[in-house]
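**Student:** I'd like to ask you about the structure that follows.
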Amino acid sequence: GNAMRWSWERTEPYSKPLLLALLPSVLSYISGLGLTYIYDVYWDAFDWTGMVLLWGAVNILISMGYALLTIYSIASYGLLVRGDEKAGGMPDDQS
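Heads up, the sequence shown is in my numbering, so the first residue is 10 and it goes up one at a time.
Here's what the structure looks like:
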């Protein structure tokens, strides 16, 4: 329970900016999944070239989503660690 309270206290000021920053990566990922659904429903309307272009776009969108989520996760961890160093660490820290 203490760890969850500590985590929430540290992340609360950053929650809205991080949510807005993560939005493009999540939308990129969801767009890739949406294109997959479009192919699943209308697969007979695609010729070979259309299928290759569609799956290329799906792979690019999903890869961009994962890459951006990774970058933002590392950046948010860095914000929390720097903020934690200023605040003096976790409450149960023995250092």
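For glycine and all other residues, C-beta sits at the position ideal for the given N, C-alpha and C. Note that the structure is predicted; figures quoted are calculated from it, not measured.
1. Y38 and W64 - do their beta-carbons sit closer together than 9 Å?
2. For A66 and L44, which I take to be in contact (beta-carbon distance under 8 Å), what is that distance rounded to the nearest angstrom?
3. Measure the alpha-carbon distance for M60 versus Y46 and round it to whole angstroms.
4. Taking C-beta to C-beta, are L70 and L31 nearer than 9 Å?
5. From S34 to M73, what does the alpha carbon distance come to, in whole angstroms?
6. Do R19 and L89 have their beta-carbon atoms positioned less than 9 Å apart in this structure?
7. Helix, strand or coil: which one does DSSP assign to Y75?
**Tutor:** So, from the listed chains and residues:
1. Between W64 and Y38, the C-beta spacing is not below 9 Å.
2. Sure, about 6 Å apart at Cβ, within 8 Å.
3. Computed Cα separation, rounded: 13 Å.
4. Judged by their CB atoms, L70 and L31 are not nearer to each other than the 9 Å cut-off.
5. Taking C-alpha positions only, S34 is separated from M73 by approximately 7 Å.
6. Yes, the pair counts as a contact, with Cβ atoms nearer than the cut-off.
7. The three-state reading of DSSP puts Y75 in helix, counting H, G and I together.
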